[in-house]
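Colleague:
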Amino acid sequence: MARVHALLLMTILALAIVGCQSLSITLPAPRIEAPQVAQAHSLVIGGRSDVAGDFKATNNAGARPPDLSAASLESYVLFGPHIEYGLFDWLSGGLEVATSGLSSLAFLAKIKFQLLGSSISQRNSGLQMSVWARSGFVTSSKSGDQESTFGSGGSPWSGTLDDYLTGGGLSIGYRTSAGVLLYTGIAHDQHKLTAKVDQKAESDNSDPGGVYKHSYNGKVQALGLGLRLDRPVFAMDFYVAHDNAEFIDTNDLKGIGGGLSLEWKIN
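So this is what it looks like as structure tokens:
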């Protein structure tokens, strides 16, 4: 029994060490936007949470050399604050900061056009249609020490993962009453990622270290349904979507995504 416990403990420690050596970044998934823009000359502030993709470039950035050609993709979550300003009754712009809590930080900007339907100030029943475009930058960094091979302090490493994304989408819906908007939409994002691992030389120069880079390109598509509930100064927006992610050098990922947003209007 003691041997079994010892084996389990060693396995847990090994998994923990590998997890600490991994290099990953959380990527925003395409968002299905409600087909309306912020009221002209008004500011909207809020917070949101969305299903995202955790892109892992390597399980062991301390390996000599690191294997950056077998990345993996899993589902995760991003959350953070956002603001939107209504330039006209048919045009608004917004900024967003999001994090996964796993050292990833995303900065996103969007512009949104309302093509059909009444403005948010009128909220008349009927059809609504909007298109939007967004772009952004996501970054993640991590550092470690290859203690398992060289001993503590023997061979430090640092790694970064950066992503540039561009995307957009279209949504159409129906406002059943002043406070209820049902909608459906499609969205598409393109990603360009770069991984970099800088490994320092081993203390006795038995290993020279080196700098390793790898690039990844991919796209994510989404088709979804949503519900927006509007009040004079408060709104809640919820959507679910089917996401399809395809990246070079990774597994494809398909699954159910979605998000929830809470907003307050500041005149």
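With this note's numbering applied, the sequence shown corresponds to residues 1040 to 1306, in that order.
The C-beta atom is built at its ideal place from N, Cα and C for all residues, glycine as well.
1. The beta strand (DSSP E) that contains G1140, what's its start and end?
2. How should W1171 be labelled, buried or exposed, when 16 other C-beta atoms within 10 angstroms of its C-beta is the threshold for buried?
3. Going by the DSSP bridge assignment, what does D1089 pair with across the sheet?
4. Flag this pair as yes or no: are the beta carbons of D1093 and T1138 separated by less than 7 Å?
5. In whole angstroms, what is the alpha-carbon distance linking V1057 and N1098?
6. Report yes if the CB atom of G1198 is closer than 7 Å to the CB atom of L1062, and no otherwise.
7. Does the count of Cβ pairs from the region 1075-1084 and the region 1115-1125 closer than 8 Å reach three?
8. Find out if the Cβ-Cβ distance for the pair Q1167, W1196 is shorter than 7 Å.
9. Does S1210 pass the burial test, meaning 16 or more other C-beta atoms within 10 Å, or should it be called exposed?
10. Per DSSP, S1174 is paired with what?
11. Please classify F1273 as buried or exposed, where buried requires at least 16 other C-beta atoms within 10 Å of its C-beta.
12. Terminal residues of the continuous beta strand (DSSP E) containing H1230?
13. Roughly how many angstroms lie between the CA atoms of F1176 and L1204, to the nearest whole one?
14. Here's a check: name, in chain order, each residue in its chain whose Cβ is nearer than 8 Å to the Cβ of E1285, leaving out the five neighbours to either side.
15. Report yes if the CB atom of L1200 is closer than 7 Å to the CB atom of G1212, and no otherwise.
16. May I have the straight-line CA-CA distance separating V1250 from Y1115, to the nearest angstrom?
17. Out of F1152, L1117, F1118, which has the shortest C-alpha to C-alpha gap to L1130?
18. Does the distance from the CB of A1280 to the CB of H1253 come in under 7 Å?
19. What first and last residue would you give for the beta strand (DSSP E) that runs through P1067?
20. Three-state secondary structure (DSSP) at S1216?
21. Does the beta-carbon distance from A1110 to A1096 come in below 7 Å?
22. Using the rule of at least 16 other Cβ atoms within 10 Å of the residue's Cβ for burial, across every protein chain shown, is S1169 buried or exposed?
23. Give me the residue from E1135, Q1060, G1133, E1113 with the minimum Cα distance to A1100.
24. Does the Cβ-Cβ distance between F1277 and L1299 come in under 7 Å?
25. Since I believe G1206 is in contact with R1173 (beta carbons under 8 Å), could you give me their beta-carbon distance rounded to a whole number of angstroms?
26. Counting only the same chain and skipping the five closest in sequence on each side, list residues whose C-beta sits under 6 Å from that of K1149.
Modeller: Looking at the coordinates:
1. Segment: none, G1140 is in no beta strand (DSSP E) and carries neither H nor E.
2. buried
3. DSSP lists L1117, G1298 as partners of D1089.
4. Taking 7 Å as the Cβ cut-off, D1093 and T1138 do not qualify as a contacting pair.
5. For V1057, the pLDDT reaches just 41, beneath the cut-off of 50, and the residue's location in the model is therefore unreliable, although a value from the coordinates is still provided. Distance between the alpha carbons of V1057 and N1098 is about 6 Å.
6. With respect to L1062, G1198 sits close: the two C-beta atoms are nearer than 7 Å.
7. yes
8. Cβ atoms of Q1167 and W1196: not closer than 7 Å.
9. When all chains shown are included, S1210 counts as buried.
10. The beta-bridge partner set that DSSP reports for S1174 consists of A1148, T1205.
11. Counting Cβ neighbours within 10 Å, F1273 comes out exposed, since fewer than 16 surround it.
12. 1219-1238
13. Near 6 Å, if we compare the C-alpha coordinates of L1204 and F1176.
14. G1257, K1258, V1259, D1291
15. In this structure, G1212 does not lie closer than 7 Å to L1200 by Cβ.
16. Near 29 Å, if we compare the C-alpha coordinates of Y1115 and V1250.
17. F1152
18. no
19. 1062-1067
20. strand
21. yes
22. buried
23. Q1060
24. yes
25. 6 Å
26. G1133, W1171, R1173
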